[in-house]
Amino acid sequence: MAKTFICIADGSKLVPVLGAFPLPVEVIPMARSHVARQLVKLGGDPVYREGVLTDNGNIIIDVHNMSITNPVELEAQINAIVGVVTNGLFAARPADLLLLGTTEGVKTLTR
-19 MAKTFICIAD GSKLVPVLGA FPLPVEVIPM ARSHVARQLV KLGGDPVYRE
31 GVLTDNGNII IDVHNMSITN PVELEAQINA IVGVVTNGLF AARPADLLLL
81 GTTEGVKTLT R
């Protein structure tokens, strides 16, 4: 594992409360339906991101309307679903360095 975790994101992703944006979940294609059902059980509204494949050939499910009150627990619950590769929460291992692209340039945040 790397000593420093660097996260690069669009500046609009910096929010005071998690859940303002859909949560991306990388999923093995054959597990799409199963994962979507499990995400509904967790309180989300999963939407398949049409026409997008990851570098590993997986799909993305965007989870809308998810209440994220305990991000560390939710990250673990989602990653424990059979067929999930990973998700867009970085709660268990927060970024050491965050680079945010803004209209004024790159904003740098550190822990």
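So that you can map any letter, position 110 of the sequence shown is 90 in this note's numbering, and since no number is skipped, the others follow by simple counting.
Ideal placement from N, C-alpha and C gives every residue a C-beta, glycine not left out.
Pick out whichever of the options has its Cα sitting closest to the Cα of residue i.
i      : options                    : result
D76    : A16, T90 and G24           : T90
A71    : L(-2), P2 and G31          : L(-2)
P26    : K(-17), N59, L78 and R17   : R17
Y28    : V7, T(-16) and Q57         : V7
T(-16) : E84, T83, T88 and R73      : R73
N59    : E84, T82, T34 and L22      : L22
E84    : M(-19), I(-14) and S(-8)   : S(-8)
I102   : A0, C(-13) and I(-14)      : Examination of residue 102 is not possible in this model, given that the chain is present from -19 through 91 alone.
N36    : V65, I(-12), L(-6) and T82 : V65
Who are the Cβ neighbours of residue i in its own chain at under 8 Å, not counting the five residues just before and after it?
i   : result
G24 : L3, V43, H44, N45 and M46
V86 : L79 and L80
Q57 : L22
Keeping to the same chain, check which residues put their C-beta closer than 6 Å to that of residue i; ignore five residues upstream and five downstream.
i   : result
A11 : G63
H14 : G63
Quick one: is residue i buried, meaning 16 or more other Cβ sit within 10 Å of its Cβ, or exposed?
i   : result
N38 : buried
I61 : buried
N67 : buried
Checking 8 Å against the spacing of the C-beta atoms, do residue i and residue j come in under that value?
i   : j   : result
V5  : L19 : yes
E53 : L69 : no
I41 : T34 : no
Cutting at 7 Å between CB atoms, please list the residues of its own chain near residue i, excluding the five before and the five after it.
i      : result
I(-12) : L79
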